[in-house]
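What follows is a set of notes on a single structure, which appears directly below.
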Amino acid sequence: MKIDQVMIIIPAYNPDEKLVTLVSDLNKKGFENIICVNDGSSSSGIFREISDRCTVLEHDRNYGKGHALKTAFRYILEDCEAIQYCITVDADGQHDIPSIMKCLEAVPADDKESFLLLGSREIRETEGQKIPLRSRFGNAVTRLVTQVLCGFHISDTQTGLRVCSADLLPMLLKVEGERYEYEMNMLFDMKKAGIRLMEVPIETIYEDGNKSSHFHPIRDSIRIYYTIIKYLLVSIFSVLIDYGLFMLLMYMVHGVWIATYGARLCSSVVNFVLNRSFVFRAEKKHLVRQIVLYYIQVVVIAGLSAACVAGLKMLVPEHVLLCKIVVDTLLFLLNYFLQKKFIFR
Numbered sequence: 610m611k612i613d614q615v616m617i618i619i620p621a622y623n624p625d626e627k628l629v630t631l632v633s634d635l636n637k638k639g640f641e642n643i644i645c646v647n648d649g650s651s652s653s654g655i656f657r658e659i660s661d662r663c664t665v666l667e668h669d670r671n672y673g674k675g676h677a678l679k680t681a682f683r684y685i686l687e688d689c690e691a692i693q694y695c696i697t698v699d700a701d702g703q704h705d706i707p708s709i710m711k712c713l714e715a716v717p718a719d720d721k722e723s724f725l726l727l728g729s730r731e732i733r734e735t736e737g738q739k740i741p742l743r744s745r746f747g748n749a750v751t752r753l754v755t756q757v758l759c760g761f762h763i764s765d766t767q768t769g770l771r772v773c774s775a776d777l778l779p780m781l782l783k784v785e786g787e788r789y790e791y792e793m794n795m796l797f798d799m800k801k802a803g804i805r806l807m808e809v810p811i812e813t814i815y816e817d818g819n820k821s822s823h824f825h826p827i828r829d830s831i832r833i834y835y836t837i838i839k840y841l842l843v844s845i846f847s848v849l850i851d852y853g854l855f856m857l858l859m860y861m862v863h864g865v866w867i868a869t870y871g872a873r874l875c876s877s878v879v880n881f882v883l884n885r886s887f888v889f890r891a892e893k894k895h896l897v898r899q900i901v902l903y904y905i906q907v908v909v910i911a912g913l914s915a916a917c918v919a920g921l922k923m924l925v926p927e928h929v930l931l932c933k934i935v936v937d938t939l940l941f942l943l944n945y946f947l948q949k950k951f952i953f954r
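First residue of the sequence shown? That's 610 in this note's numbering, and the numbers climb one at a time after it.
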C-alpha cells in the first residue's frame, strides 16, 4: 500500500486542540490526503488552523457523524480517483498514530476482496487507563446485541477507527443513519452483503473521562438499536393479536394446539408484512423465498411454543396464559436471529 493511495477522514464537531495535534502528527508521518468534516461546529477557529494542512469540508449545521462520513465519501468518489483505501479517525484523541499505522499495516497487500477493518479497543481498565462507565456499558451491550441477535461477533462495535477499500464507498453511502447509529448499521449492512470484516487490537485511549465525546447515552443508543426497537414494537403488536385470538380460540375449542396454530397463523401474516417492509427492509425480489422460510419458522416456533405451553399447563393448569407469555418471551431472541440472519437478509 502506498501512502498516497490512503485518505484519512476525520468527522469533527466542536473539536479542541487534539484535532490540530492529530492532523499535524499525520502530516509528519507523510499523510497528505486528509479530509476533516466540520459538522456544524459553533466555532471555525480550529478548522482555520488546520485548513492549510488538510481539506476541510463544511456543514451549515450539525447533521451527525454518519452524515459527516457520507459527505467525505461523496467527495472522494467525485474528486479523488487515485484513492484506494479510506480510514476514518475520531477527532477527540482516541486514535493515535501507532494505532492508525497498525490498522493500515494489517491490510492484506495482495487481497483484491472488498473489506472493512476495525481498530478494536480492549475495553478493560489497566493501571494507567480508566474506562468511562458509559463506554464500558455501551460496548458490552452492543457486543451482546450483535452476537446474540445478529449472529456475528465484533469485540468493539463502537470503534471509529475503520479502514475500508474505496470500492465500498458507493455501498457505504446507502447505509441508513445520519448520526452514531450509522456505524452500527454499517456493520449490519457489510455483514449482510458478505463483505469481509476484520479486527485489529489497538490501544485504548480515554482522556479526561472521554468528556469531549458528543455521544448521548439515551438518544444515540435509541438510534443505534433502532432496528431492534422496531422489531420489538412490531412483535408487541403481533403478540397482542396472537394472544387475543389464542384466548378466544381456547374459549371456543379448549385445545392448546388448535388455539396456538390458529392465533399464530393470523398474527404471522401481520408480522411478516411489517417485518419485511418496516423492520428489515428486505429486498422485494426474494418474496417467495422469504415467505417459504418465514412460514417454516412460524411452524417450528409455534410447535416449540405449543409443546412448551402444553407441558407447563400440566404443571400449572390455572395459569395457561402466563405459561405462554414466559415461553414466547424466551423464543423472542430466537425469532429475531432467524429473521435477521436467514429470512430477511
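All C-beta atoms in this analysis are idealised placements derived from N, C-alpha and C, irrespective of residue type, glycine included. In this text, all values refer to a predicted model and were calculated from it rather than measured experimentally.
In this structure, how does DSSP classify residue i when only helix, strand and coil are distinguished?
i: Y870; result: helix
i: L678; result: helix
i: C712; result: helix
i: R657; result: helix
i: A775; result: helix
i: V935; result: helix
i: P620; result: strand
i: I643; result: strand
i: D829; result: Unreliable positioning characterises D829 in this predicted model, as indicated by a pLDDT of 47, which lies under 50. The coordinate reading is nonetheless provided below. Helix, per DSSP.
i: V784; result: coil
i: V848; result: helix
i: V925; result: coil
i: S821; result: With a pLDDT of 49 at S821, under the threshold of 50, the modelled position of that residue is not reliable, and the figure given next carries that caveat. S821 falls in the coil class under three-state DSSP.
i: Q738; result: Note that Q738 scores 49 on pLDDT, short of 50, meaning its location in the model is unreliable; the coordinates nonetheless yield the value given after this. Correct three-state label for Q738: strand.
i: L940; result: helix
Just to check, is the beta-carbon of residue i closer than 6 angstroms to a non-hydrogen atom of the ligand FMN?
i: I804; result: This structure does not include the ligand FMN; it has no bound ligands of any sort.
Whose CA, out of the options, lies closest to the CA of residue i?
i: A911; options: H676, S708 and A872; result: A872
i: R933; options: Q906, L854, R730 and D705; result: For clarity, residue 933 is Lys in the given sequence; the question names Arg instead. Cα-wise, what sits closest to K933 is L854.
i: I644; options: L635, S651 and S652; result: L635
i: L874; options: E927, S886 and Y903; result: Y903
i: V897; options: V862, I952 and N944; result: I952
i: L686; options: F656, R771 and L781; result: L781
i: I850; options: L713, M861 and S877; result: S877
i: L947; options: K894, V862, L924 and F889; result: F889
i: D719; options: H895, M610 and E690; result: M610
i: D701; options: N623, S708 and M799; result: N623
i: L725; options: S774, L943, Q703 and R683; result: S774
i: F797; options: E714, Y835 and T938; result: Y835
i: P717; options: H928, R657 and M807; result: M807
i: S886; options: D705, Y840 and V698; result: Y840
i: S651; options: R662, P707, K637 and A621; result: A621
i: I612; options: G673, K950, Y672 and F640; result: F640
i: D688; options: H895, M616 and S729; result: M616
i: D962; options: D625, D669, R662 and V629; result: Since the displayed the chain opens at 610 and closes at 954, residue 962 lies outside it and no answer follows.
i: D937; options: L924, L858, Y870 and V848; result: V848
i: V646; options: M795, T664, V632 and S708; result: T664
i: E792; options: G654, Y870, D765 and L713; result: D765
i: M859; options: R954, I811, E927 and K637; result: E927
i: G654; options: I845, G673 and L628; result: L628
i: V935; options: L913, K950, R954 and Y945; result: L913
i: Q767; options: G803, V632, T813 and F682; result: T813
Could you please give the first and the last residue of the uninterrupted beta strand (DSSP E) stretch that includes residue i?
i: Y694; result: Y694 to T697
Note the first and the last residue of the continuous alpha helix (DSSP H) segment covering residue i.
i: E590; result: Absent from the model: residue 590. The displayed extent of the chain is 610 to 954, so no value can be given.
i: E808; result: Premise fails: E808 lies in the beta strand (DSSP E), R805 to I811, not in any alpha helix (DSSP H).
i: E667; result: Segment T664 to E667 is the beta strand (DSSP E) holding E667; no alpha helix (DSSP H) there.
i: L726; result: No alpha helix (DSSP H) contains L726, which is instead part of the beta strand (DSSP E) from F724 to R730.
i: E626; result: E626 to K637
Worksheet item: Counting only runs that start and end within the segment 854 to 902, where is the beta strand (DSSP E) found for 3 or more residues in a row?
Response: none
Worksheet item: Taking contact to mean at least 3 C-beta pairs separated by less than 8 angstroms, is the segment 867 to 881 in contact with the segment 905 to 923?
Response: yes
Discussion item. Three or more C-beta pairs under 8 angstroms: does that hold for the segment 664 to 681 against the segment 786 to 802?
Written reply: yes
Discussion item. Would the segment 857 to 866 count as touching the segment 910 to 929 if we require 3 or more Cβ pairs under 8 angstroms?
Written reply: yes
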